[in-house]
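Written out below as structure tokens is the structure these notes cover.
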Amino acid sequence: MRIAFKGLALAASLALAGLMPAAAQAPAKQEAPVAAAAAAPAANAAAPAATAAKPASPELAMDGAPAMTVKPMLGQPTDGLMTIQPQVTANGRRAHSFHDHILLPLITAISLFVLALLIWVVIRYRRAANPVPSKTSHNTAIEIVWTLVPVLILVAVAVPSIGLLNAQYKPAPANAVTLKAIGNQWYWSYQYPDNGGIEITANLLKEKDQVAAGERYRTDADGPRLLATDNRIVLPVGVPIRLITTANDVIHSWAVPAFWIKLDAVPGRLNETSFTIEKPGLYFGQCSELCGARHGYMPIAVEAVPPAEFAAWVKAKGGSMPGEAKPAAAAPAAAAAPAAAPAANAAAPTNTAEAAPANAATAEAATGR
Ligand SMILES: [Cu+2]
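FYI, in mature numbering (1 follows the signal peptide of the UniProt record, and there is no 0) the residues of the sequence shown are -17 to -1, 1 to 352.
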């Protein structure tokens, strides 16, 4: 039964996403979501119908989810910005403050002090001003000072630094939402193992002049060049996220600057960290481990939304929230077509196609933003 449901959920999400893993490198046509929506998924008829009912538009994610608009200054690089991106996690704020209030003043003071010493030496002890140089070779007091002071500075930096490092590897609490990010040459795929095994493949959106006529290309609503993806992942705000990374081929690294997250994705190994996003918004990142020819073309786009919207998105994807009953529509469908379950093919969705249209308007109101 559980396997049957998983198969259906996979079929549903694949149909919704309008792409199969094999097609990952080639962005599907814009019309795909609508076509897929007509055959609407087995799991939970109402919610997908709502998102799918919208017309295909470059501003919609390929799965038909409402696209979040890009906010200036938030979650992306900004022209002329000199410092770290605005941080939206506790660790990020802590690191930002560490950088701004401890490291930067310290580095500035040391640089100015050394510069002043150099200038003083150059002027005061130049040949013209100091024709007979001193033959002094040792000075115990000054040697103790120039050994001790740097040690004390390093200790002063190490204390907050190790605390921050420790905080970054704090295990996630039991109620965390798990996101598994899988690096592939050269795109990211995602799983939500606690939410009915939702799977998402996120590819770079190419520029208009790089795609064939009719194919989806990047617009400014999708995000900056080289950072926009065809499918965005969605995460709840204010809820701890357990991030697990791994890879299918070579080492990648899942990095989103605004979250203060950079976690290597290593084949055959699971790396884990946790964070809580404090502000709704659209956040961009990139693979940060040199992983091959198209390393620069595997962006990350995260929509952070209120928990209720996240729950609605999970339902729309055919998943479920932990502790919640499985979507009702999935049960009869699975019972009606047990044979179709293992293969995520066309058989399953057609069985429930009639049940799909449901009340689009209500669900749209619930998920609209
Ligand atoms: Cu990579």
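We put the beta carbon where it would ideally sit given N, CA and C, even for glycine.
Predicted model, so just to flag it, every value in this text is computed and none were measured.
For residue i, does the count of other Cβ atoms within 10 angstroms reach 16, so buried, or fall short, so exposed?
i	result
Glu126	exposed
Ser169	For clarity, residue 169 is Trp in the given sequence; the question names Ser instead. With 16 or more Cβ atoms within 10 Å of its Cβ, Trp169 is classed as buried.
Ser271	buried
Tyr108	exposed
Tyr152	exposed
Thr119	exposed
Ser117	exposed
Ile224	buried
Leu131	exposed
Pro114	exposed
Lys191	exposed
Ile244	buried
Thr72	buried
Trp296	buried
Thr91	exposed
Arg208	exposed
Ala139	exposed
residue 359	The question about residue 359 has no answer, for the chain in this structure spans -17 to 352.
Lys300	buried
Lys298	buried
Leu162	buried
Val104	exposed
Arg201	buried
Gly75	buried
Val53	buried
Arg110	exposed
Trp237	buried
Thr184	buried
Val239	buried
Does any C-beta atom of chain C lie closer than 8 Å to the C-beta of residue i?
i	result
Tyr266	In the structure shown, chain C cannot be found, because there is only a single protein chain.
Is the beta carbon of residue i sitting closer than 8 Å to the one on residue j?
i	j	result
Asn178	Ser303	yes
Ala157	Ser257	no
Ile181	Ser172	no
Gly241	Gln70	Reading off the sequence shown, one finds Ala at residue 241, where the question assumed Gly. Yes; because the gap between Cβ atoms is below 8 Å, this pair is in contact.
Leu249	Ile260	Looking at the sequence itself, residue 249 is Val, so the reference to Leu does not match. For Val249 and Ile260, no; Cβs fall outside 8 Å.
Gly264	Gly58	yes
Ala155	Arg77	no
Leu226	Leu246	yes
Phe293	Val217	yes
Asn186	Thr212	yes
Pro305	Gly221	no
Pro219	Val288	yes
Met51	Glu286	yes
Pro282	Leu210	yes
Leu188	Asp205	yes
Leu100	Ile136	no
Cβ pair count under 8 Å reaching 3, the segment 185 to 198 against the segment 108 to 125: Contact fails: fewer than three Cβ-Cβ distances are below 8 Å.
Length at least 4, wholly inside the segment 262 to 316: the alpha helix (DSSP H) runs in chain order: 290 to 299
Every unbroken alpha helix (DSSP H) within the segment 44 to 104, with a cutoff of 4 residues, ordered by chain: 73 to 81
Unbroken stretches of the beta strand (DSSP E), 3 residues or longer, contained in the segment 166 to 213: 170 to 175 and 181 to 185
The segment 133 to 145 touching the segment 72 to 87, judged by at least three CB pairs closer than 8 Å: At 8 Å Cβ cutoff, the stretches touch.
Length at least 3, wholly inside the segment 213 to 244: the beta strand (DSSP E) runs in chain order: 216 to 219, 223 to 230 and 235 to 239
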